[in-house]
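Working notes, beginning with the structure itself.
2 protein chains.
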Amino acid sequence: MEAVLTEAVRLLDSSGEKALTFRALAARLGGGVGSIYWYVQGKDELLDRAADHVMGAMLEATEKFVDDDDPIEAIRNIGIALYGATVDRPWLGNYFMRNTGFQPNSLQLYERLGQQVLRLNLTPRQSFHAASAVVGFVVGVAADMGQELPEELISGELDRAQYMDRVVAEWRALDPADYPFLHTILGEFEKHRDIDQFRAGLDLLLAGLRQQAGQGMPRRTKHQPASTSVATP
Amino acid sequence: MEAVLTEAVRLLDSSGEKALTFRALAARLGGGVGSIYWYVQGKDELLDRAADHVMGAMLEATEKFVDDDDPIEAIRNIGIALYGATVDRPWLGNYFMRNTGFQPNSLQLYERLGQQVLRLNLTPRQSFHAASAVVGFVVGVAADMGQELPEELISGELDRAQYMDRVVAEWRALDPADYPFLHTILGEFEKHRDIDQFRAGLDLLLAGLRQQAGQGMPRRTKHQPASTSVATP
DNA sequence: CGAACTATAGAACGAGGTTCGATAGGATGC
DNA sequence: GCATCCTATCGAACCTCGTTCTATAGTTCG
Chain D
1 MEAVLTEAVR LLDSSGEKAL TFRALAARLG GGVGSIYWYV QGKDELLDRA
51 ADHVMGAMLE ATEKFVDDDD PIEAIRNIGI ALYGATVDRP WLGNYFMRNT
101 GFQPNSLQLY ERLGQQVLRL NLTPRQSFHA ASAVVGFVVG VAADMGQELP
151 EELISGELDR AQYMDRVVAE WRALDPADYP FLHTILGEFE KHRDIDQFRA
201 GLDLLLAGLR QQAGQGMPRR TKHQPASTSV ATP
Chain V
1 MEAVLTEAVR LLDSSGEKAL TFRALAARLG GGVGSIYWYV QGKDELLDRA
51 ADHVMGAMLE ATEKFVDDDD PIEAIRNIGI ALYGATVDRP WLGNYFMRNT
101 GFQPNSLQLY ERLGQQVLRL NLTPRQSFHA ASAVVGFVVG VAADMGQELP
151 EELISGELDR AQYMDRVVAE WRALDPADYP FLHTILGEFE KHRDIDQFRA
201 GLDLLLAGLR QQAGQGMPRR TKHQPASTSV ATP
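Chains as they are written, first to last, in this note's numbering: chain D, 1 to 233; chain V, 1 to 233.
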């Protein structure tokens, strides 16, 4: 059973979602196609199980962040870790889009992030929205950035830089009068790294969150400078 | 050709991604399976074309926002429109995750949003990050929220409220000591509406952006004393 | 020992994407 | 007028893949 999952994850990681077929998996395990159906009900469940398997590792990796002095810093670290695990697993991002995090390990990760939000002393409604926004942003952007590579890259016809150059060239050919923004950011786009782009976005979101936490909302006027630590759970 | 796309979109919207098969589409058009291959190279391109078709309508719908006095308000409106178009089209969200917006109409929408960002007078790098973050957030969250319904709902076995109740009941059964956050937000989750949740997240992000626009200089938010209550609207 | 349960194997079925050759109808060239 | 292309259409055939079903051991228990 464990073997089925690890081998499935290996297949997914190495060759993408398309490559995970029951026949290929059976071949790897040196068994028959039908055998897998003894362990899982169908392909959906196989994917669910594989995803939760990865999220288990994810949980362990983020355990060390919960004691951070600054809760926002903890949220950032957890978010970055989640991003990292998702971005180079197109199948995982895809899975998140298909199945809200009701799987046990996903739920625990949501809880872990939420506990950091609790330390900000917001209203329950604000806390709910904040945690959801962070998870939504991280998973959404990671799924977006981690998408399967276009075939020119897979086939080895072009490398990443060449492909990027081609896209930039196409954009540069557009009329600057019609596309002033695109031309403004072309230089940035050309040399950008996905991870920096992600972090910048996350920082914007967290800045908004910090601001909300800072200005004591309706009742909770907790006017502490927010850099002093709170007792950890 | 136009007929192929409109019929494809109709199939997708009415019955989901699974329902779009070449055979079904051919039947609707009263033609043969092979004919469709004269217009598109394969299923991927069919999806691409269908998505761009929808984005065209999207563009027209957001045209009226570009003259808003407050650029941030314009960004918010465009974001909300994009969210709306995506959230009830699971196939569209799925498409965004598979293919960065290099399609002509997607690119134009990105440009339109970017032009509003330009009005904030940020550095090119900040502008690039801001526009990307907003698009990433909107599309990511919409794709997440718009996912295909679980089968209990499709089969009509349960309605949305009943399904929600069941999830909430499961969560309530968890130990509050282990899941303090989940129990804090249970009440909110129970009565939440997706659109409100989305707007709240977007507002957080835009608050961060407005703050960045307010303080003239580029600046890292990491580890600053958090006394950043900058003038807000 | 026989019966029931665990676990495995692989043939067979059906759905769906894609390929291929056949077939017109119209335009163009000689 | 006839031959030759180019456009557009059609559906049979092929291949892959998820899933089902039956057969077959081994193992446990009465």
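All C-beta atoms, glycine included, are put in the ideal place defined by N, C-alpha and C.
**Item:** Limits of the alpha helix (DSSP H) - the one that Lys64(D) falls within
**Value:** To locate residue 64(D), count along the first sequence from 1; it is residue 64. Element bounds for Lys64(D): n/a, residue is neither H nor E.
**Prompt:** Would you say Asp144(D) faces chain V, with C-beta separation under 8 Å as the test?
**Reply:** Taking the first residue of the first sequence as 1, we reach residue 144(D) at position 144. Chain V, which has a Cβ nearer than 8 Å to the Cβ of Asp144(D), makes this yes.
**Message:** On the DSSP letters alone, give me the boundaries of the alpha helix (DSSP H) that Lys191(D) sits inside.
**Reply:** If you number the first sequence from 1, residue 191(D) lands on position 191. Its alpha helix (DSSP H) spans residues 180–191.
**Asked** With a cut-off of 8 Å, does the C-beta of Ile78(V) fall near any C-beta of chain D?
**Response** For the purposes of this step, residue 78(V) is taken as residue 78 along the second sequence, with counting starting at 1. No, Ile78(V) lies away from the interface with chain D (no Cβ there is under 8 Å from its Cβ).
**Request:** Return the residue from the list Thr6(D), Asp194(D), Gln126(D), Leu109(D) that minimises the CA-CA distance to Arg145(D).
**Result:** Working through the first sequence from its first residue, we reach residue 145(D) at position 145. Correcting the residue identity first, residue 145(D) is Met in this sequence and not Arg. Taking only the C-alpha atoms, the option nearest Met145(D) is Asp194(D).
**Request:** Tell me whether Leu149(V) is buried or exposed, calling it buried when 16 or more other Cβ atoms sit within 10 Å of its Cβ.
**Result:** For the purposes of this step, residue 149(V) is taken as the residue at position 149 of the second sequence. Looking at its Cβ environment, which holds fewer than 16 other Cβ atoms inside 10 Å, Leu149(V) is exposed.
**Asked** What are the boundary residues of the alpha helix (DSSP H) that Ser35(V) is part of?
**Response** By one-based count along the second sequence, residue 35(V) stands at place 35. Looking at the DSSP string, Ser35(V) is not in any alpha helix (DSSP H), and its letter there is neither H nor E.
**Asked** Any heavy atom of the ligand HEM within a distance shorter than 7 Å of the CB on Gly42(D)?
**Response** What this structure holds is no ligand at all, so the ligand HEM is not there to describe.
**Request:** Identify which residue in Val117(D), Val4(D), Arg125(D) has its Cα closest to the Cα of Leu29(D).
**Result:** The count along the first sequence starts at 1 and reaches residue 29(D) at position 29. Per the Cα distances, Val4(D).
**Item:** Pairwise C-alpha distance: Tyr95(D) and Thr21(V)
**Value:** Here residue 21(V) corresponds to residue number 21 of the second sequence, with the count starting at 1. Here residue 95(D) corresponds to residue number 95 of the first sequence, with the count starting at 1. Using only the alpha carbons, I get a separation of about 22 Å.
**Request:** Mind listing the chain V neighbours of Arg125(D)? Cutoff is C-beta to C-beta under 7 Å, in chain order.
**Result:** Position 125 of the first sequence, counted from the start, is the residue given in the question as residue 125(D). Here the neighbours are Glu188.
**Asked** Ala161(D) to Arg172(V), Cα distance in whole Å?
**Response** Position 161 of the first sequence holds residue 161(D). Position 172 of the second sequence holds residue 172(V). The straight-line gap from Cα to Cα measures roughly 50 Å.
**Prompt:** What residues from the stretch 91–105 of chain V come within 8 Å of chain D, judged by C-beta to C-beta, listed N to C?
**Reply:** Gly93, Asn94, Phe96, Met97, Arg98, Asn99, Thr100, Phe102
**Asked** Any chance the stretch 202–214 of chain V sits against the stretch 111–124 of chain V, with 3 or more Cβ pairs inside 8 Å?
**Response** yes
**Asked** Would you say the stretch 197–207 of chain D touches the stretch 74–82 of chain D, given that touching needs at least three Cβ pairs under 8 Å?
**Response** yes
**Asked** Roughly how many angstroms lie between the CA atoms of Thr6(D) and Met55(D), to the nearest whole one?
**Response** In the first sequence, the residue the question calls residue 6(D) occupies position 6. In the first sequence, the residue the question calls residue 55(D) occupies position 55. Cα-Cα distance, rounded: 13 Å.
**Prompt:** If Ala51(D) and Gln103(D) are in contact, beta carbons under 8 Å, what's the gap, nearest whole angstrom?
**Reply:** On the first sequence, position 51 is the one that residue 51(D) refers to. On the first sequence, position 103 is the one that residue 103(D) refers to. Right, their Cβ atoms sit about 7 Å apart.
**Prompt:** By a C-beta neighbour count over all protein chains shown, 10 Å radius and 16 as the cutoff for buried, is Tyr37(D) buried or exposed?
**Reply:** Locating residue 37(D) in the first sequence gives position 37, where the first residue counts as 1. With fewer than 16 other Cβ atoms within 10 Å, it is exposed.
**Prompt:** By how many angstroms is the C-alpha of Ser14(V) removed from the C-alpha of Gln116(D)?
**Reply:** To locate residue 116(D), count along the first sequence from 1; it is residue 116. To locate residue 14(V), count along the second sequence from 1; it is residue 14. Cα-Cα distance, rounded: 41 Å.
**His183(V) versus Pro176(V): straight-line alpha-carbon distance, rounded** = On the second sequence, residue 183(V) is found 183 positions in, with the first residue counted as 1. On the second sequence, residue 176(V) is found 176 positions in, with the first residue counted as 1. So the alpha carbons of these two residues sit roughly 6 Å apart.
**Request:** Can you give me the Cβ contacts of Leu113(V) inside the same chain, cut-off strictly under 8 Å, excluding the 5 residues immediately before and after it?
**Result:** On the second sequence, residue 113(V) is found 113 positions in, with the first residue counted as 1. These residues qualify, in order along the chain: Ile75, Ile78, Gly79, Ala131, Val134, Val135.
**Under 8 Å between C-beta atoms of Ala143(V) and Gly84(V)** = For the purposes of this step, residue 143(V) is identified with residue 143 of the second sequence, where counting begins at 1. For the purposes of this step, residue 84(V) is identified with residue 84 of the second sequence, where counting begins at 1. No, Cβ-Cβ distance for Ala143(V) and Gly84(V) is not below 8 Å.
**Asked** Closest Cβ-Cβ distance between Gln271(V) and chain D: below 8 Å?
**Response** Chain V is shown from 1 up to 233; residue 271(V) falls before or after that span and cannot be answered.
**Message:** Going by DSSP in three states, Glu157(V) sits in which element: helix, strand or coil?
**Reply:** As a first step, residue 157(V) is located in the second sequence; it is residue number 157 there, counting from the start. DSSP places Glu157(V) in coil when its eight states are reduced to three.
**Item:** Exposure label - Val33(V); buried when at least 16 CB within 10 Å
**Value:** The residue labelled residue 33(V) in the question sits at position 33 within the second sequence. Label assigned to Val33(V): exposed.
**Request:** Closer than 9 Å, Cβ to Cβ, to anything on chain D: give me those residues from the stretch 127–141 of chain V, in chain order.
**Result:** Ser127, Phe128, His129, Ala130, Ala131, Ser132, Ala133, Val134, Val135, Gly136, Phe137, Val138, Val139, Gly140, Val141
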